[in-house]
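The structure appears below as structure tokens.
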Amino acid sequence: MIIRKMKEDDIENVAKIYLECFHGMNDIDIVKEWIRLKYLGYPANRYYVIDDGRIKGYILWVELGGFRKDAVIELEQIAVTPKEQGKGLGSKLIKESLKDIIKKLEIRGSRLKLVKVTTGIENQAQKLYKKTLNAKPVAVIPDFFRGDEVILIARSKDLNIN
Numbered sequence: 027m028i029i030r031k032m033k034e035d036d037i038e039n040v041a042k043i044y045l046e047c048f049h050g051m052n053d054i055d056i057v058k059e060w061i062r063l064k065y066l067g068y069p070a071n072r073y074y075v076i077d078d079g080r081i082k083g084y085i086l087w088v089e090l091g092g093f094r095k096d097a098v099i100e101l102e103q104i105a106v107t108p109k110e111q112g113k114g115l116g117s118k119l120i121k122e123s124l125k126d127i128i129k130k131l132e133i134r135g136s137r138l139k140l141v142k143v144t145t146g147i148e149n150q151a152q153k154l155y156k157k158t159l160n161a162k163p164v165a166v167i168p169d170f171f172r173g174d175e176v177i178l179i180a181r182s183k184d185l186n187i188n
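Now the structure itself:
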């Protein structure tokens, strides 16, 4: 099983995983178009997938505020197929893809300042972000998407990705 950068021909499979895991969009063509447009935004947007002969999950990172010396990266979306959840794949996907991003930032002459994650206040994924990134809640946005959302921040010095 490998973590690798997403390729354009992965869009269909990533869209199917999105539909299995999220309820914001439910039309496969709209989902594929959204993913395709995000994918084309590289290097500001970076997709990675878990691949072991078939795609089992994906993660989307977005660099916020331009290409700054002190980069702020948002974990915009992560999904693992329901059959594969609970096996540590989400944690592996976060850690391995973030290590690659940090390397790419260093090549560019930048450094990672912090990681931002926004998720539903009731979302169990908060535990994953707290454990994997050492992310801390800093604010709550009421009535956002499907309810209240919490913003979590993981400062570079506190990251737990080894």
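Under our numbering, the first residue of the sequence shown is numbered 27, with each subsequent residue one higher. Ideal Cβ positions, reconstructed from N, Cα and C, are used throughout, including at glycine. This structure is a prediction, so every number in the text was calculated from the model and none was measured.
Helix, strand or coil for D78, going by three-state DSSP, please let me know. Translated into positions along the sequence shown, residue 78 becomes position 52. Reduced to three states, the DSSP call for D78 is coil.
Contact set for T145: own chain, Cβ-Cβ below 8 Å, skip 5 residues either direction: Here residue 145 is taken as the residue at index 119 of the sequence shown, counted from 1. The answer, listed in chain order, is A151, Q152, Y155, E175, V176 and L178.
Nearest to I128 (by Cα), restricted to the options I85, V98 and A165: Here the question's residue 128 lines up with position 102 in the sequence shown. Nearest C-alpha to I128: V98.
Using the beta-carbon count (16 or more within 10 Å), is A70 buried or exposed? Position 44 of the sequence shown, counting from 1, holds the residue named residue 70. It is exposed - the Cβ of A70 has fewer than 16 other Cβ atoms within 10 Å.
Can you tell me whether DSSP reads A151 as helix, strand or coil? Within the sequence shown, the letter at position 125 stands for residue 151. Note: A151 maps to helix in three-state DSSP.
Under the three-state reduction of DSSP, which class applies to N16: helix, strand or coil? The structure shown does not extend to residue 16, since the chain spans only 27 to 188, so no value can be given for it.
Tell me whether L90 is buried or exposed, calling it buried when 16 or more other Cβ atoms sit within 10 Å of its Cβ. Translated into positions along the sequence shown, residue 90 becomes position 64. It counts as exposed.
Same chain, Cβ closer than 6 Å to I85, five either side skipped, listed in chain order: In the sequence shown, the residue the question calls residue 85 occupies position 59. Cβ neighbours of I85 beyond the five flanking positions: Y74, I104, L119 and S123.
State the DSSP-derived secondary structure class of K162, mapped to helix, strand or coil. By one-based count along the sequence shown, residue 162 stands at place 136. If DSSP states are grouped into helix, strand and coil, K162 belongs with the strands.
Separation of N160 from E186, as counted between CA atoms: Numbered from its first residue, the sequence shown carries residue 186 at position 160. Numbered from its first residue, the sequence shown carries residue 160 at position 134. For the sequence presented, residue 186 should be read as Asn rather than Glu. Roughly 6 Å between the two C-alpha positions.
Indicate the three-state DSSP secondary structure (helix, strand or coil) for R62 in the structure shown. By one-based count along the sequence shown, residue 62 stands at place 36. Helix, per DSSP.
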